[in-house]
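Report on the following structure.
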Amino acid sequence: MLHSCRCCCCSMPLEKASRIIGLTFGILSLLALGRSVLTWLMLSPLEDSHLGDTHRRLLRRAATQLLIHICTSLALGIFSALLVLGVSRRSKCLVLSFMVYFGAVCLLSTIVLLYSLYDPSVLISEIQLREMREQNGAKMVKTIVFISVGLTLPVQLFFWYLWLVVVSYYRELTDNPPSGSAQPPPDTWVGQPPPGNWPGQQAGYQPPPGNWPGQQPPPGTWTGQPAGWQAPMV
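Given below as structure tokens:
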């Protein structure tokens with residue numbers, strides 16, 4: 001586990017790093033959500049126009065992909081907000097929700113990215129693949145896919161590092177749970193000490209001998225003479 005978040009030029013505590021991760025992904029999700037909604041609004045008039053069956057099928061596929069992007073962006077924004085709230089309240093449950101979601105997204109995207117080396121159609125549509133093969137050839141298409149995956153893998157590894165930062169912060173919360181209200185030290189108590197198993201509250205406890213205030217009777221109730229007292233000579 002990590003003890004701090006380190007980047008190229010500095011390091012910061014896990015709590016601050018987790019808050020920055022939540023805010024960054026929240027802003028990115030809002031930008032992606034706005035872009036997808038605008039694209040959806042631009043595609044809506046085209047569906048009502050007189051197009052062929054092929055174009056309509058492409059529009060439906062594009063609309064389905066946009067709907068998936070909208071849902072994923074919305075989910076990322078919600079879980080990012082939960083992470084920021086969990087860091088502010090030091091809540092393990094809220095941090096755990098983002099940790100599970102983001103870990104699942106990273107795992108799925110890594111599997112898809114590696115599988116695209118075998119079948120590029122999981123990342124590129126069949127129409128675009130056909131056009132690329134007609135223009136550049138099948139070998140060139142494979143080369144382009146390998147280069148694209150090679151450039152994307154460092155970004156994917158960076159996402160895994162961010163996930164590890166959140167996991168380390170969750171472990172920090174688990175090992176050091178937030179403490180309750182701290183009690184003042186005994187020498188600053190006013191009145192009776194708080195409830196607990198203090199010596200004065202234990203059964204059969206006797207204070208040590210001495211001239212303690214609790215062992216002296218009130219001045220108005222003294223009778224006789226104190227032990228060892230002698231009257232002054234007149």
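Read in order, the letters of the sequence shown are residues 1 to 234 in UniProt numbering.
All C-beta atoms in this analysis are idealised placements derived from N, C-alpha and C, irrespective of residue type, glycine included.
Go to Arg117, then tell me how far its alpha helix (DSSP H) extends in each direction, as first and last residue. Position check: residue 117 holds Leu in this sequence, whereas Arg was assumed. Careful: Leu117 lies outside any alpha helix (DSSP H) and carries neither H nor E.
Would the beta-carbon of Leu74 be found less than 6 Å away from any heavy atom of the ligand FMN? Looking at this structure, you won't find the ligand FMN or any other ligand, since it has none at all.
Classify Gln183 as buried or exposed, calling it buried when 16 or more other Cβ atoms lie within 10 Å of its own Cβ. Summary for Gln183: the model assigns pLDDT 49, below 50, so the residue's position carries little reliability; its value from the coordinates is reported in the next sentence. It counts as exposed.
Coarse secondary structure for Ile97, derived from DSSP in three states: Rather than Ile, the amino acid found at residue 97 in this sequence is Ser. In this structure, Ser97 counts as helix in the three-state DSSP scheme.
Between which two residues does the alpha helix (DSSP H) containing Ser168 stretch? Ala138 to Asp175
Burial state of Leu14 (16 or more Cβ within 10 Å): buried
Whole-angstrom Cβ separation of Tyr169 and Val84, contact assumed at under 8 Å? So it is not a contact: roughly 12 Å between Cβ atoms.
Rounded separation between Arg89 and Lys16 - CA only: 13 Å
Any chance the stretch 141-149 sits against the stretch 59-75, with 3 or more Cβ pairs inside 8 Å? no
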